[in-house]
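K.L.:
This is the structure in structure tokens:
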């Protein structure tokens with residue numbers, strides 16, 4: 001158990017410190033009593049012992065006030081040397097402890113300044129006390145070497161402590177960075193999964209809902225047409241299940257999974273199937289192409305398909321009219337896509353809307369494109385996006401913006 005003597009709140013003197021001071025006092029007392037034949041010593045030892053007591057007591061506060069403790073120890077040591085006591089490591093013990101505490105607990109500049117001044121003062125006192133003494137070499141070179149030892153040892157311990165602190169700080173920073181990166185990756189993965197499932201399910205469910213409503217309306221008067229719509233409804237839901245199964249398979253795929261059984265990601269080559277599905281829900285879609293079609297990277301091809309799919313889904317769910325237009329315009333480096341309908345859109349009745357537009361924007365931005373979605377000046381709704389033929393690096397700026405992208409984006413929901 002550690003016993004502490006508390007003089008000030010928060011500043012503790014431990015039993016170890018007291019034992020060290022008593023040991024130092026005994027060491028200095030022994031050093032003051034040592035006599036070398038032929039070297040004159042003061043007749044009494046008590047002056048050295050009294051100075052040693054003051055110097056040792058100052059070391060109780062060396063951790064808190066290293067500069068003050070060093071100054072007290074230096075003054076006491078200089079007085080002891082001037083009184084004629086032999087300069088030995090035993091006599092210099094309190095000063096050596098003070099120098100060690102200073103070097104270990106302060107900055108290098110403070111250590112150099114205080115250390116140099118202390119050594120210079122002690123050596124000067126020894127020289128001026130007995131300038132012609134036969135022990136002059138021992139009284140000058142000896143203190144320099146003895147007092148350098150605690151300075152070197154304390155500086156080494158300070159450097160080692162600083163190194164360990166920096167290692168721990170870097171490790172803590174790396175751990176925080178790993179945790180933040182892991183959370184970011186989890187969030188991105190959740191958004192990707194939500195976007196994929198929304199794109200797969202929302203379109204088919206919107207078309208299925210329209211087909212079911214139309215079939216219910218036609219059943220009493222036109223049972224043959226209602227039966228045809230029900231057959232198409234069955235095909236729509238089957239297609240939704242197949243595409244959902246393929247999407248889940250991709251999401252669960254590992255590095256060594258067999259990908260041969262997975263359905264390829266849809267692209268503009270399946271645009272005709274998408275248009276046909278919308279037409280079964282009563283939406284007449286017109287497709288126009290400007291420029292020579294160019295090959296797209298798989299990511300951009302999927303993005304273009306999903307944006308058109310979501311835009312037509314919005315027309316199916318919210319459009320008051322029964323017509324939509326899809327425009328594809330190819331340039332040397334970009335593909336411009338526009339999906340418009342003439343009639344004013346209605347506000348969705350299903351809560352939690354807005355994810356469709358959010359997903360379209362995220363998809364466009366993920367490949368370096370831009371997207372605008374909002375009402376048209378002459379009525380209806382418009383979705384316009386400009387996509388690069390190949391995805392841009394994250395730090396690259398798009399070459400051009402989609403028409404209307406600089407306008408304030410409408411807060412319409414999807």
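In the UniProt record's numbering, the protein residues as written are 1 to 414.
Just so it is clear, CB atoms sit at the ideal spot from N, CA and C, and this is done for glycine as well.
Can you tell me where the alpha helix (DSSP H) holding residue 99 begins and where it ends?
P.N.:
Segment 93-105, the alpha helix (DSSP H) holding residue 99.
K.L.:
Taking all protein chains shown into account, do 16 or more other C-beta atoms lie within 10 angstroms of the C-beta of residue 310, making it buried, or fewer, making it exposed?
P.N.:
It counts as buried.
K.L.:
Taking its Cβ as the centre, do 16 or more other Cβ atoms sit within 10 Å of residue 370, making it buried, or is it exposed?
P.N.:
Buried, by the Cβ-count rule.
K.L.:
In whole angstroms, what separates the C-alpha of residue 19 from that of residue 86?
P.N.:
Distance between the alpha carbons of residue 19 and residue 86: 25 Å.
K.L.:
Cα-Cα, which of 95, 106, 274 and 109 is closest to residue 121?
P.N.:
Per the Cα distances, 95.
K.L.:
Does the Cβ of residue 211 have 16 or more other Cβ atoms within 10 Å, making it buried, or fewer, making it exposed?
P.N.:
Buried, by the Cβ-count rule.
K.L.:
If you scan the UniProt domain "Histidine kinase/HSP90-like ATPase" (302-390) from start to end, which runs of the beta strand (DSSP E) of 3 or more residues do you find wholly inside it?
P.N.:
Runs found: 323-330, 334-341, 370-375 and 381-388.
K.L.:
Using C-beta distances below 6 Å, list every residue in its chain close to residue 376, excluding the 5 sequence neighbours before and after it, in chain order.
P.N.:
So the qualifying residues of the chain are 382.
K.L.:
From which residue to which residue does the beta strand (DSSP E) around residue 284 run?
P.N.:
Taken as a continuous stretch (DSSP letters only), the beta strand (DSSP E) holding residue 284 covers 284-290.
K.L.:
How do the stretch 358-372 and the stretch 265-282 stand: do at least 3 beta-carbon pairs fall below 8 Å, yes or no?
P.N.:
As far as the Cβ criterion goes, the stretch 358-372 does not touch the stretch 265-282, which means the pair count is below three.
K.L.:
8 Å is my cut-off, CB to CB: does residue 221 come that close to chain D?
P.N.:
The chain labelled as chain D is not found in the depicted structure, where only one protein chain is given.
K.L.:
With a cut-off of 8 Å on the beta carbons, I'd call residue 24 and residue 93 a contact; round off their distance for me.
P.N.:
Contact flag correct, Cβ pair sits at about 5 Å.
K.L.:
Work out the CA separation of residue 182 and residue 154 for me, nearest whole Å.
P.N.:
Their backbone Cα atoms lie some 42 Å apart in a straight line.
K.L.:
Using alpha carbons as the reference points, say which of 287, 209 and 46 lies closest to residue 328.
P.N.:
Out of 287, 209 and 46, 287 has the C-alpha closest to the C-alpha of residue 328.
K.L.:
Can you say whether residue 390 is buried or exposed, counting buried as having 16 or more other CB atoms within 10 angstroms of its CB?
P.N.:
With fewer than 16 other Cβ atoms within 10 Å, it is exposed.
K.L.:
Report the three-state DSSP secondary structure of residue 14 (helix, strand or coil).
P.N.:
Of the three classes helix, strand and coil, the one that applies to residue 14 here is strand, per DSSP.
K.L.:
Specify whether the stretch 100-120 and the stretch 147-164 touch according to this definition: at least 3 beta carbon pairs, one from each stretch, less than 8 Å apart.
P.N.:
With a cut-off of 8 Å, the stretch 147-164 and the stretch 100-120 count as touching, because enough Cβ pairs lie within range.
K.L.:
State the DSSP-derived secondary structure class of residue 27, mapped to helix, strand or coil.
P.N.:
Helix, per DSSP.
K.L.:
For residue 153, which of helix, strand or coil comes out of DSSP?
P.N.:
Correct three-state label for residue 153: helix.
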